[in-house]
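Structure, as structure tokens:
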Amino acid sequence: MRGDASAGLSMSGISHAFGEHRVLNDVSVDVAPGELVCLLGPSGCGKTTLLRIAAGLEPLQQGRIAVDGIPIAEGGKPGALPPERRGIGLMFQDYALFPHRNVRDNIAFGIDKSKGGRRSAWIDDALAAMGLTRFADAYPHTLSGGQQQRVALIRALAPGPNILLLDEPFSGLDVTRRAQIRTDTLEFVKKTGVATLMVTHDPEEAMFMADRIFVMNEGVVVQDGSPVDLYFQPASAFVAELFGPVSRFTGTVRHDEIETPLGTFSAGELAGGSAAEVMIRPEAFRLAVEGSRPQPMPGDPENLVIAPAPLEVVTARPLGRSSFVQLKLNDGRTIDTRVPGTFLPGAGSKVLVGVNPRLAHVFTVPSAR
Ligand SMILES: Nc1ncnc2c1ncn2[C@@H]1O[C@H](COP(=O)(O)OP(=O)(O)OP(=O)(O)O)[C@@H](O)[C@H]1O
Ligand SMILES: [Mg+2]
């Protein structure tokens, strides 16, 4: 996973409480140079607290933090490196640019004066890379949100930190601006080779940007891996649901299988007689008009799971590259499917339904729920 286990940022066994309220429980996260790692999780799960601890803005209670293999803080022990000596660049959700300094001076602030000459060339390059050259002398209030975000990012990187911490850096931007700025940011961060730890609660953003994602819930890391791992091999129902909508079916495991209105799925290792649920992503469905059979798409296993009976179409809508088709089950529930291309069966007509079992995830249902 990582070449040199000591380079970059390493946080291990971090636990933290505010008074009696424990908000982090034995969290370990590492980020290699040039790597972008996302912390993803619901509001209040402890993401910002973890970043603040890394930056030294919150004292470390338990655990260890090292940068490039050198310990900079150890829980409960004195001698933690102060924030300004950690070589960590920070950017929080409110960009907090200095209103009375222009763009260039905002960026230059905090750069070691002795490096002035060299860094000035760096600032020019950075402004050019982010499309901000003509705004060098502008004041923050005359910039758009997206431009301010870019300035804040350059400012965080200007002192040449080894570690960059970003807390929801794009949350203040509208959808169209976000996409472009994500791409620019990613390129810029990769070019500098900084180890970046970024907080988001948007799974698509995490998948787009991250080399690895750490999913957190209630103060613990519940799963970590590449975006593809997490999307296709979620370890729990929580992770499966976090990464996008799913249709859920519950049942009992019999003969290593679980039966649903959409057919019979393999229950994997789950014990016979136990309660299980199947979670199916909208893009797992393969539909066919009555009289034909649902066909596997390229990359699907040959044997789709086939629903025992045709299902009624509630509505079908074109989405451009794909179609949204809502189907009705016998018990009145509806399921949402998304099929490639234009497939628009009439409302009230029947379709045959196949499911790519690789996009159907089976989990045991905890008894206390
Ligand atoms: N200074 C503080 N004093 C007391 N409790 C705090 C403090 N800072 C955070 N908390 C609590 O710690 C928990 C984690 O907060 P944190 O800000 O780390 O969450 P988060 O994952 O960043 O959430 P969000 O996505 O909403 O930003 C929350 O329950 C919060 O109320
Ligand atoms: Mg937060």
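Numbering (my numbering), first residue to last: 1 to 369.
Virtual Cβ for every residue (Gly too), placed ideally from N, Cα, C.
Looking only at DSSP bridge pairs, what is residue i linked to?
i	result
His141	For His141, which the question treats as bridged, DSSP gives no partner whatsoever.
Asn217	Val220
Leu157	Leu157 is not bridged to any residue.
Ala195	Ile163
Glu312	Lys328, Lys350
Phe265	Ile258
Leu40	Thr200, Val215
Val175	DSSP output for Val175 lists no bridge partner at all.
Ala360	Ile280
Ala317	At residue 317 the sequence reads Arg, which differs from the Ala that was named. Arg317 pairs with Phe324.
Ile306	Gly354
Thr334	Lys328
Phe285	Val355
Ala275	Thr252
Taking buried to mean at least 16 other C-beta atoms within 10 Å of its own C-beta, is residue i buried or exposed?
i	result
Thr390	Given that the chain is displayed from residue 1 to residue 369, the structure contains no residue 390 and the question cannot be resolved.
Leu60	buried
Phe265	buried
Gly56	buried
Ser12	exposed
Leu319	exposed
Arg254	exposed
Pro357	buried
Asp256	exposed
Gly110	exposed
Arg118	exposed
Arg317	exposed
Gly273	exposed
Pro296	exposed
Gly44	exposed
Val239	buried
Ser349	exposed
Ala7	buried
Pro169	buried
His361	buried
Asp371	Outside the shown range of the chain (1 to 369) lies residue 371, about which nothing can therefore be said.
Given residue i, which residues of its chain have a CB within under 6 Å of its CB, disregarding the five upstream and five downstream residues?
i	result
Glu30	Note that residue 30 is Asp in the sequence shown, not Glu. Closer than 6 Å at Cβ, skipping near neighbours: Ser10.
Leu81	Ile72
Phe214	Val29, Leu39, Val221, Asp224
Leu329	Pro261
Asp4	Confidence at Asp4 is low in this model, with a pLDDT of 47, below 50, so the placement of that residue should be treated as unreliable; the coordinate-derived value is given next. Result list for Asp4: empty, nothing under 6 Å.
Ile65	Met11, Ile72, Ala73
Asp26	Gly13, Ser15
Ile123	Ile107
For residue i, which residues from the same chain have a beta carbon less than 8 Å from its beta carbon, with the 5 sequence-adjacent residues on both sides left out?
i	result
Arg369	In this predicted model, Arg369 has a pLDDT of only 47, less than 50, meaning its place in the structure is not dependable; the value taken from the coordinates is given anyway. For Arg369, where only same-chain residues beyond five positions count, there are no Cβ hits under 8 Å.
Arg321	Pro340, Gly341
Leu173	Gly145, Gly146, Gln149, Ile181
Pro203	Leu40, Leu242, Phe243, Gly244
Ser120	Ala108
Leu143	Val103, Phe135, Val151
Gln326	Val313, Val314, Thr315, Ala316, Thr334, Ile335, Asp336, Thr337
What does a CB cutoff of less than 7 Å around residue i pick up in its chain, not counting 5 residues either side in sequence?
i	result
Lys47	Leu39, Gly41, Val199, Met216
Ile306	Gly263, Pro294, Gly354
Ala271	Val253
Val189	Leu36, Leu164, Thr196
Phe208	Arg182
Counting pairs of Cβ atoms below 8 Å between the segment 230-246 and the segment 69-84, do you hit three or more?
Contact fails: fewer than three Cβ-Cβ distances are below 8 Å.
Could you pull out every unbroken beta strand (DSSP E) segment of at least 3 residues lying fully inside the segment 73-104, listed in chain order?
List check, beta strand (DSSP E) in window: 88-91.
Counting Cβ pairs closer than 8 Å, one from the segment 238-256 and one from the segment 279-288, do we hit at least three?
yes
Report yes or no: do three or more beta-carbon pairs, one from the segment 134-152 and one from the segment 102-113, lie closer than 8 Å?
yes
Please give me, in chain order, every unbroken run of the alpha helix (DSSP H) with length at least 4 that falls completely inside the segment 217-257.
227-232, 237-242, all fully within the segment 217-257.
Taking one C-beta from the segment 177-193 and one from the segment 82-98 each time, how about it: are there three or more such pairs within less than 8 Å?
no
Can you check the segment 7-65 for any beta strand (DSSP E) of at least 3 residues that lies completely inside it and give the ranges in chain order?
Here the runs fully enclosed are 9-18, 21-31, 36-40.
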